[in-house]
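For the sequence shown, the positions run 7 to 459 when the numbering used here is used. Data block below; observations after.
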Amino acid sequence: TSVASGFISEEGWREQLSEALQDISVDDLPDSLAECETIEDLRTVWCRLKANAQIWEKVRPRISRDGRFAYVVKCYNDIGNGNYDELPYDLVVSSCMMDIWAFGLLIFSMCSQSSLFHTTIDGDLHNIQAYEDLFNWNYEIAQQKISDSIKDPLAQDLLLKLLVPEDERISSMDLILQHPFFGPSSSVEAHNILEEYEERQLKSIEMSRMQEIKENIRNEKQRLSMEKHCKVLFDRLDDIMFPTGLILLPYQLEFNRLSNVLEIPRDQQSLSLGVMIGDQLIKLNTVLAKLSFWLRVKENLSQKGGGEFKAKVMSWIQRAKSEGSQSIAKEIVSAVACDQRFEGICIEMLDEEMSISNARAFIRDPMKAAAFLLDGIIDTLLRCYSSQSSLYLIDEFRGVPAMNLSDTSTNTYPLQIKANEKDFKEGLVPFMIMTMMIATSFDGLDGISIVGS
């Protein structure tokens, strides 16, 4: 204001102006002002900037959020003899393709009751995100934006010929007006467009179903997480503060650089131990499955009407002598409200002698029967381990050791430990049991092989 009003004198004007600005000096101003040699030059430039303030707001560069890019609207006032070489971009020759784009924006707004980009009331792009969206605009983005905003298949098809990069855009208004959007929907071309739309809808529904299945699997993994099992097993609901997916191996896994995975050592002793441990872990998992099943059976026997359920059990056993055990197993599993994966336990009970399948012992006392079998398995497992063994932390979502394979020096695991009988049974086995439950619940026997090798 002082400059425009003439309150600053020609002599020493830079110092006077710097003093008036207080926090900054003339040298800190934009180059067009800081490079002025006289107060009159400064006054001229300042008045020009003020007069063009509104235009500048439209054309000034917009800096990206990370500071790496600047976006500008290509424009130029060609009144007079301007110097095109000073522009930071190449000018675009006006053509009908721009009018076709503008027509597409109009159709989009009419059909969607919204604008394609976030704009101000004057129609200018509103913020840096709008500039980035326009700069990165391509066919795939246009397809997604149009399908999300507009439900009319014919309008979608038309706009995908208008609101796309210039080399993919329809070339004339005559061709636009021949589009089925402007004609009867009973035409052959309209019928083809509607058919393609229905096919895309079916594919979209199928993709949504697949996504829902993946989400359900993820939720199920969380439901069956190590933390959940650990809280149930140790009756501690809120203060589990240590890793719970663990496996103890009598050897250290080796990194295969070709396959980029950890593998069991290939010497005969390690392979034999791996097979033996896997076999015992499968037996251990089977005993736990039997325990779950027979606890459910006992619950039915102890409830009101338990006598009737017991009569059903005896009837199923008698029928199995003359009928196929698989169909009877389905009835039993359904009656006790168990997962169909427990059918194998029922078939074993029906096909073999009760003493062999331990069914009688489980019926009398499920916990005692399971404890007896688990003790034998754990004793066999303990004999597989030498004085020095490797304790691995297991990623419960992938069933593999949680390690940085690209830089093994940063890994905490495996820990080299010497497990005595008491520590093994009371400290490690519960976690190994939970690890196997997770591994087999999603990958069956493959889950155990992945964890152990």
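The beta-carbon is built from N, C-alpha and C at its ideal position, and this holds for glycine as well.
Asked: To which residues does DSSP link L131 through a beta bridge?; Found: T125
Asked: Please give me, in chain order, every unbroken run of the alpha helix (DSSP H) with length at least 4 that falls completely inside the region 131-216.; Found: 134-141, 145-155, 159-168 and 179-183
Asked: With a 10 Å radius around its C-beta and 16 neighbouring C-beta atoms as the bar for buried, classify N198 as buried or exposed.; Found: exposed
Asked: With the cut-off set at 8 angstroms, would you say P186 and L168 are in Cβ contact?; Found: no
Asked: Can you grab the Cα-Cα spacing for the pair E201 / D413, in whole Å?; Found: 54 angstroms
Asked: Measuring straight from C-alpha to C-alpha, what distance separates N291 and I439?; Found: 7 angstroms
Asked: Helix, strand or coil for Q422 per DSSP?; Found: strand
Asked: Note down the Cα distance separating W19 from I45, rounded to an integer number of angstroms.; Found: 6 angstroms
Asked: Drop a sphere of 10 angstroms on the beta-carbon of Q286, count the other beta-carbons inside from all chains shown, and report buried for 16 or more, exposed for fewer.; Found: buried
Asked: Exposed or buried, D371, counting other C-beta atoms within 10 Å across all chains shown (16 or more means buried)?; Found: exposed
Asked: Shortest alpha-carbon distance to C102 belongs to which of D47, L294 and I176?; Found: I176
Asked: Spatial neighbours of G166 within its chain, please: CB distance less than 8 angstroms, with the 5 preceding and 5 following residues excluded, ordered by chain position.; Found: Here residue 166 turns out to be Leu, not Gly, going by the sequence shown. Y145, A148, Q149 and I152.
Asked: So what does DSSP say about F261, is it helix, strand or coil?; Found: strand
Asked: Which of helix, strand or coil does DSSP assign to S396?; Found: strand
Asked: Sorted by chain position, which residues of the same chain lie with C-beta nearer than 7 angstroms to S5's C-beta, five sequence neighbours on each side aside?; Found: In the structure as shown, the chain starts at 7 and stops at 459, and residue 5 therefore has no counterpart that could be examined.
Asked: Look up L55 in the DSSP assignment and say whether it is helix, strand or coil.; Found: helix
Asked: Taking D385 as the reference, give the member of K316, M409, V435 and A343 with the closest Cα.; Found: V435
Asked: Applying the 10 Å Cβ sphere with the 16-neighbour rule, what's the burial state of E416?; Found: A quick correction: the sequence has Thr, not Glu, at residue 416. Burial call: exposed.
Asked: Does S24 come out as helix, strand or coil in the three-state DSSP assignment?; Found: helix
Asked: Hey, how far is the Cα of V32 from the Cα of A57?; Found: 21 angstroms
Asked: Here's a check: name, in chain order, each residue in its chain whose Cβ is nearer than 7 angstroms to the Cβ of K431, leaving out the five neighbours to either side.; Found: I384
Asked: Run through DSSP, which three-state label would E41 get?; Found: coil
Asked: Between the C-alpha atoms of D37 and V51, what's the straight-line distance to the nearest angstrom?; Found: 11 angstroms
Asked: Looking only at DSSP bridge pairs, what is Y77 linked to?; Found: R68
Asked: I'd like to confirm the pairing. Which residues does DSSP put opposite W349 in its beta bridges?; Found: It should be pointed out that residue 349 corresponds to Glu in this sequence rather than to Trp. None; E349 has no bridge partner.
Asked: Nearest-angstrom Cα distance between M442 and N142?; Found: 48 angstroms
Asked: Can you tell which of K296, C42, S191 and S178 has its C-alpha closest to the C-alpha of L380?; Found: K296
Asked: Indicate whether I69 and A59 have their beta-carbon atoms separated by less than 8 angstroms.; Found: no
Asked: Should F299 be labelled buried (16 or more other beta-carbon atoms within 10 Å of its own) or exposed?; Found: buried
Asked: Using CA atoms only, rank isn't needed, just tell me which of L208, E337 and Y137 is closest to P67.; Found: Y137
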